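Report on the following structure.
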Amino acid sequence: MIPAGHQSFVDSLIRLLASDDRYCALAVGGSWIENKLDRFSDIDLIIVHTGDALPLAQRQTLAGAAGNLLASFTGEHVGEPRLLICLYDDPLLHVDLKFVALPDMRTRVEDPLILWQRDEQLSGILATSQAKFPYPDYQWIEDRFWIWIHYAATKIGRGEFFETLTFLSYIQQVVLGPLVLIRRGYLPKGLRKLEQHLSAEDLHAMKQTLASFDKQSLLQAVQASVTYYKELRDAVMPSTIQRNARAEQRVLAYLQEIA
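Numbering (UniProt numbering) for the sequence shown: 1 to 259.
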C-alpha cells in the first residue's frame, strides 16, 4: 500500500506535468514497483520530457512547484547530472526527480511503472527497448582486490583506523554486497536491503566484516572480508576469471605479519 503522503505528492506532480506540454510522462522506480513502500521510503521518479536536456533552472522551478521544497541538489556525485535530489516537507519526504528526454528512455536499468503519460508515448518506447541493469566486472574486482587488502593492512599497521573503517565499508558496498546479492538471485544493488535478502549464513558472514576502532577488530574484519570474498568468488565468478594467486598468497602472509 502506498503511504498517503507519497501518493499525495505524486498526484500533485502529475497535475503539474499534465498542464505543461513539455512533459510527456511520469514514471516511478525502486520500491514503488514492488509495492514495498513504507513511511521511510523515498520516491524515485522519472520525469520524461520532449526536446533536449532541461536547464537546471527549469528543473528547480518544477521541483519547487511540486511541494514544500526544503532543499535540493543535483546528482553529479552519482554520475547522473539529470537527477535532482529533493527534500520536501509536509510530510518530510526524500524525492529523486530524474529528468529524462523521451528518446533516452530506451537506455535504462529497470522498467519503471508509468504513473501518467501523454498519448502513450512512453509505453511505446518501453515496448520496443529493453532494460539492462549493470553488473560488476568480475575481472576488474579480482585485479584490484589484493592491492586493496594490502592497502588496508598498511593502514592498520600505521594505526590509521578511521581510514581502515572507511575501506571496509567500500569493500562491502562495491564487492561483497553485489556478489552476495547475485548469488541470492537479486540485482547487485550494493548493500540495498541485505538484511531482507540474505540467508542467516550470509548475513552472519557480512556482519563479520564489521569492525570497531581497535587493531585486532580491524584485522579480524579484513580477514573475514578476504574469506567471504573467496567464497563468493567461487560461487559467482566464472572459471575464465584470471586469479592472481601470487598476489593473494603474498598479501595473506603480510596480514599475518602485522597481526
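Glycine residues also receive a C-beta, built at the ideal position from the N, C-alpha and C atoms.
Owing to the predicted nature of the structure, the values given are computational and were not obtained by experimental measurement.
Residue interval of the alpha helix (DSSP H) (run including residue i)
i              : result
proline 178    : 177-183
threonine 61   : 56-65
arginine 108   : No alpha helix (DSSP H) contains arginine 108, which DSSP labels as neither H nor E.
leucine 252    : 245-258
isoleucine 141 : 138-158
Boundaries (first-last residue) of the beta strand (DSSP E) holding residue i
i            : result
glycine 29   : 23-29
lysine 98    : 93-101
threonine 74 : 68-75
arginine 82  : 80-89
leucine 115  : 113-117
aspartate 42 : Taken as a continuous stretch (DSSP letters only), aspartate 42 belongs to no beta strand (DSSP E), as it is neither H nor E.
Option in the options with minimal Cα separation from residue i
i            : options                       : result
glycine 75   : Thr61, Gly159, Phe99          : Phe99
arginine 192 : Arg183, Asp202, Pro178        : Pro178
methionine 1 : Gly79, Leu255, Asn35, Phe73   : Asn35
alanine 211  : Glu163, Ile85, Gln256, Leu45  : Glu163
alanine 66   : His77, Arg108, Val10, Ala127  : Val10
alanine 18   : Arg118, His150, Leu165        : Arg118
arginine 59  : Gly190, Pro81, Pro134, Ser169 : Pro81
leucine 165  : Gly64, His94, Gln216          : Gln216
histidine 93 : Ala127, Arg39, Gly64          : What sits at residue 93 in the sequence shown is leucine, not histidine. Checking every option, the nearest Cα to that of leucine 93 belongs to Arg39.
glycine 190  : Tyr170, Asp202, Glu201        : Tyr170
Same chain, Cβ closer than 8 Å to residue i, neighbours up to 5 away in sequence not counted
i                 : result
leucine 102       : Cys24, Ala25, Val48, His49, Thr50, Gln121, Leu122, Ile125
leucine 176       : Met206, Thr209, Ser225, Tyr228, Tyr229, Leu232
phenylalanine 133 : Val109, Glu110, Leu187, Pro188
Contact set for residue i: own chain, Cβ-Cβ below 6 Å, skip 5 residues either direction
i             : result
glutamate 110 : Gly29, Ala131
arginine 108  : Ala131
serine 41     : Ser31
leucine 54    : Phe99
aspartate 202 : Val180
7 Å Cβ cutoff met for residue i and residue j
i                 : j                 : result
alanine 247       : tryptophan 146    : yes
glycine 5         : proline 91        : yes
serine 72         : leucine 56        : no
isoleucine 43     : glycine 157       : no
phenylalanine 213 : phenylalanine 167 : no
alanine 153       : leucine 255       : yes
alanine 139       : isoleucine 241    : Correcting the residue type first, residue 139 is glutamine in the shown sequence and not alanine. Yes, they are a contact pair.
arginine 144      : serine 129        : no
leucine 62        : leucine 87        : no
isoleucine 46     : tryptophan 116    : no
Whole-angstrom C-beta distance between residue j and residue i, which should lie under 8 Å
i             : j              : result
proline 188   : leucine 194    : About 11 Å; that fails the 8 Å criterion.
asparagine 68 : aspartate 96   : Actually they do not touch by this definition, with Cβ atoms about 17 Å apart.
alanine 235   : arginine 183   : 5 Å
histidine 204 : tyrosine 186   : Contact flag wrong, Cβ pair sits at about 18 Å.
valine 222    : isoleucine 141 : The Cβ separation is near 16 Å, so there is no contact.
Contact set for residue i: own chain, Cβ-Cβ below 7 Å, skip 5 residues either direction
i           : result
leucine 113 : Ala27, Val28, Trp32, Ile33
leucine 37  : Ile2, Pro3, His6, Ser31
Short CB-CB distance (under 7 Å) between residue i and chain B
i          : result
alanine 71 : The structure shown contains no chain B, having only a single protein chain.
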